[in-house]
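The listed protein sequences derive, respectively, from chains F and G.
Sequential numbering of the first sequence, starting at 667, is according to the numbering used here.
Sequential numbering of the second sequence, starting at 667, is according to the numbering used here.
A virtual CB, placed ideally from N, CA and C, is assigned to each residue, including glycine.
Every value quoted in this text rests on a predicted model; they were computed, and no experiment measured them.
One structure is given here, and the rest of the page talks about it.
Protein chains: 2
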Amino acid sequence: MVVELISVGTEILLGNIVNTNAAYLSEKCAGLGLSCYHQSVVGDNEGRLEETLRLALKRSDIVILSGGLGPTKDDLTKEVTAKVFGKTLYEDAHTKERIAGFFSQMRNGQVTENNWKQAMVPEGARVVDNHNGTAPGLIIEENGKTAILLPGPPNEIKPMFERDIVPYLNNLVPEGIYSKMVKLCSIGESKAETLVSDLLEGQSNPTIAPYAKTGEVHFRITARAADEKEADRLIEPVIRYMYRLFGDNIFATSEEVTLEDAVVELLEEKGLTLTTAESCTAGLLAGRIMNVAGASKVYNEGYITYSNEAKERLLGVKHETLESFGAVSARTASEMAEGAAKAANASASVSVTGIAGPDGGTGEKPVGLVYVGCQVNGKIRTEEFRFTGNRAKNREYAVVRALTVLWEQLMEA
Amino acid sequence: MVVELISVGTEILLGNIVNTNAAYLSEKCAGLGLSCYHQSVVGDNEGRLEETLRLALKRSDIVILSGGLGPTKDDLTKEVTAKVFGKTLYEDAHTKERIAGFFSQMRNGQVTENNWKQAMVPEGARVVDNHNGTAPGLIIEENGKTAILLPGPPNEIKPMFERDIVPYLNNLVPEGIYSKMVKLCSIGESKAETLVSDLLEGQSNPTIAPYAKTGEVHFRITARAADEKEADRLIEPVIRYMYRLFGDNIFATSEEVTLEDAVVELLEEKGLTLTTAESCTAGLLAGRIMNVAGASKVYNEGYITYSNEAKERLLGVKHETLESFGAVSARTASEMAEGAAKAANASASVSVTGIAGPDGGTGEKPVGLVYVGCQVNGKIRTEEFRFTGNRAKNREYAVVRALTVLWEQLMEA
């Protein structure tokens, strides 16, 4: 089965946004065993969109269009696709009701006339509810060709794809494709790839593909098999081998499990509670941990201490420590973690202090220097990092490294 | 002049990497006044690359190809382009020397036989030196059509584009392109577009394009003009008109300024200091504000109070308030903001309490119910929101709405 992607949006052609949807959809389709040979981007232009869609339908079985489903006159994806398939549009009562419901739940949520445009769907199309926005997804099938229309915003397209499009596509592929993800932290991409290179080379079923994420390395192991049981027989030996290679670095063997999930699970398992003390990350670390539903079981409170005075008053960092070693030091990170645990009466704590940039760096303490402190059951550890990104990137890395240090400490606890 | 981009690489089709080169090249080309109507991605496949290039040359004046210039047999971009233009390849002595020099400067730098493939160039092509890698850039002109071949790695393509391709393209375009961004919060996309629809309709120079972001609406106003002064003459009246329409909702008229930038600037301007008290967002709000470099001037500390006990102890929320109204209530949000300001000795504060989901909702207080409290110079305001996303989205919206309420309060202060 050959799939092709068309991203619709002048903002992509102008370079206003990076086309992350295409990367997301490509990875998903590859994981489902679909071949993808072409991707295109066109603007919100009727003639060019039509031409691009016709070409795509000629050379591929399934065309996934994303974007251009909004309420404005600019948004043409649905209209053009209906035209190409020779379908007329009608107002779908169910979708109209869903849109009305969506607006009634919003503050100042007034439906304007153009919103009803989103309730118009091509005859015969399958309507896929959007649980995070107004534009529905649409699946149109005809003469062995399929067009799948999805909304552009990443927070709408991703949940819709996972929930409704994956099962739909899975049904189309005769041999099942099964994959498992092995996720590592605390190891570099090239080192991980070098270690696994013999596996990467020889394998055709299952295949092993590396994906580098910020501070993490993921390996997707994909098998073609008649059923899940056969797939497991193919995949399991590879995972066992990777555990022998990387045991200490593997935090998950499932697509869905994030590093913060792994951390919260360990906290629960060991009956620990956590608190956080953040300077340069200023809440991003806590914010990420608390994205885990139910994390409230292991987390009650946290501290954002940007100023030295706050570090002293809220966390009990010693005045002399700040004077002698500075706010960005292993000693301060250690006292932050210790003080936070005491103040919050928590059995585990993690702290971050550093220079995110662009200002504030010195020869001795350059931009990107970050210390993480971590305390579990009274045992304290600190780590020094030197990042080389911009402010946002340095803070993002600091969060991942702090999570990694915490995960390692929890594994040993 | 119409430009078109072709990105060559199987790794993009598989979703292993995000196509940031396309975003980079698009933005650059738009800035140079080139129109871009099409972008494509193809793998390292001779037939498909040839077909894609022929189509691109038919509909566009300039085709920029990136990637596929490496030393391996897989890399075909140069060979296919030479074929399409009917050119043979010859070994370019200058490039061969440059490649040899490149390797001699590297540690362990051994030229392997296949590296000399990169010294082969099409007859008549202009060779563009690569100062950060081995593959040269190439410009091939024939019959009013131009193909520009650039290496794939971002650290090679960007400096080469800035240094040699920008001047080349600049020579081709008579008029420049200038744009300004008007950014609004506290208003829905469709409402904003409805209000501005007459402007959107009639304009051809400048053009006005809307962009929806989470909780924000951006309008890009783009003019074609001989110079910046003429562009300003075209753009300024539109901005003045938008101020009449949206004055209270406009927080920035510049591409670079974010909502948190606007908030921090107002705090500085008015000599105020800020603190935060977060429950369901658990640090994300503070984390976003502190992404503003230099925000430490207006922010010393913040509180993450997930448990009721933490709300009472750290922020002085009354026990009776939590008992009678619950943790997710306007009253609690208000006491959180008030208490945080007192505890941090800050003149402004913002608080968030809500039910992010997926659990914890009730009939009376459903998932997505969020209260924001905001206090500026002793004046308190609370707002109720009902979001309909998943946990991550509800938290993201809560952050933007809290920033918006704070911005509004600061504007009035």
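For residue i, the first and last residue of its enclosing beta strand (DSSP E)
i, result
"Q705/F", "S701 to V708"
"V669/F", "V668 to V674"
"M786/G", "M786 to P788"
"T942/F", "L940 to E944"
"L1035/G", "L1035 to V1042"
"F1051/G", "K1045 to R1052"
"K1031/G", "No beta strand (DSSP E) contains K1031/G, which DSSP labels as neither H nor E."
"A813/G", "K811 to L816"
Whole-Å CB distance - residue i paired with residue j, under 8 Å assumed
i, j, result
"T998/G", "V983/G", "6 Å"
"A959/F", "R979/G", "Their Cβ separation, rounded to whole angstroms, is 25 Å, which puts A959/F and R979/G out of contact at 8 Å."
"E900/F", "V862/F", "Rather than Glu, the amino acid found at residue 900/F in this sequence is Leu. Not quite, the Cβ-Cβ distance comes to about 17 Å (not below 8 Å), so this is no contact."
"V848/F", "T919/F", "5 Å"
"G709/G", "T676/G", "4 Å"
"V674/G", "T761/G", "About 20 Å separates the two Cβ atoms, so there is no contact after all."
"G1034/G", "I1021/G", "7 Å"
"T800/F", "N781/F", "6 Å"
"R1052/G", "Q776/F", "Their Cβ separation, rounded to whole angstroms, is 14 Å, which puts R1052/G and Q776/F out of contact at 8 Å."
Which listed residue (the options) has its alpha carbon closest to that of residue i
i, options, result
"P817/F", "E922/G, D1025/G, T754/G and A878/G", "A878/G"
"L804/F", "R792/F, A1009/F and R714/F", "R792/F"
"T778/G", "G752/G, P737/G and D758/G", "P737/G"
"A759/F", "E855/F, K783/F and V750/F", "K783/F"
"Q705/G", "E670/G, N711/G and V1033/G", "E670/G"
"I970/F", "G810/G, L838/G, A1009/G and Y1063/G", "A1009/G"
"R886/F", "I672/G, I678/G and N682/G", "N682/G"
"D898/G", "D864/G, K824/G and Y844/G", "Y844/G"
"E944/G", "S870/G, F991/G, T987/G and V1036/G", "V1036/G"
"G699/G", "C695/F, L679/F, H985/F and L1069/F", "L679/F"
"E921/G", "K846/G, I806/G and E902/G", "K846/G"
"G1027/F", "K895/F, Q1041/F and V994/F", "V994/F"
CB contact flag (residue i, residue j, <9 Å)
i, j, result
"V746/F", "I814/F", "no"
"I874/G", "T888/G", "yes"
"R1061/G", "N836/F", "no"
"S852/G", "D927/G", "no"
"E822/F", "A785/F", "no"
"A948/G", "Y965/F", "yes"
"T941/F", "G968/F", "yes"
"A1014/F", "L1076/F", "yes"
"V630/F", "G881/F", "Residue 630/F is absent from the model: chain F starts at 667 and stops at 1079."
"L719/F", "V684/F", "no"
"L932/F", "A1079/F", "yes"
"Y690/G", "S726/G", "no"
"G842/G", "A892/G", "yes"
"D830/G", "V883/G", "no"
"L866/F", "M908/F", "no"
"P788/G", "A748/G", "yes"
"L981/F", "G953/F", "no"
"L988/F", "N1011/F", "no"
"N687/G", "P825/G", "no"
"N796/F", "K1059/G", "no"
Three-state class that DSSP yields for residue i in the structure shown
i, result
"E922/G", "coil"
"P872/F", "coil"
"G1020/F", "strand"
"Q1075/G", "helix"
"E841/G", "coil"
"I831/G", "helix"
"K963/G", "helix"
"A858/F", "helix"
"A891/G", "strand"
"M847/G", "strand"
"S692/G", "helix"
"S1015/G", "strand"
"K977/G", "helix"
"T686/G", "helix"
"G697/F", "helix"
"H985/G", "helix"
Element boundaries [alpha helix (DSSP H), containing residue i]
i, result
"F751/F", "T743 to F751"
"S1000/G", "A996 to A1010"
"S732/F", "Taken as a continuous stretch (DSSP letters only), S732/F belongs to no alpha helix (DSSP H), being part of the beta strand (DSSP E) at I728 to S732."
Inset, instruction - Return the residues of the stretch 681-707 of chain F that lie within a Cβ-Cβ distance of less than 8 Å from chain A, sorted by chain order. - result: The structure shown contains no chain A; its protein chains are F and G.
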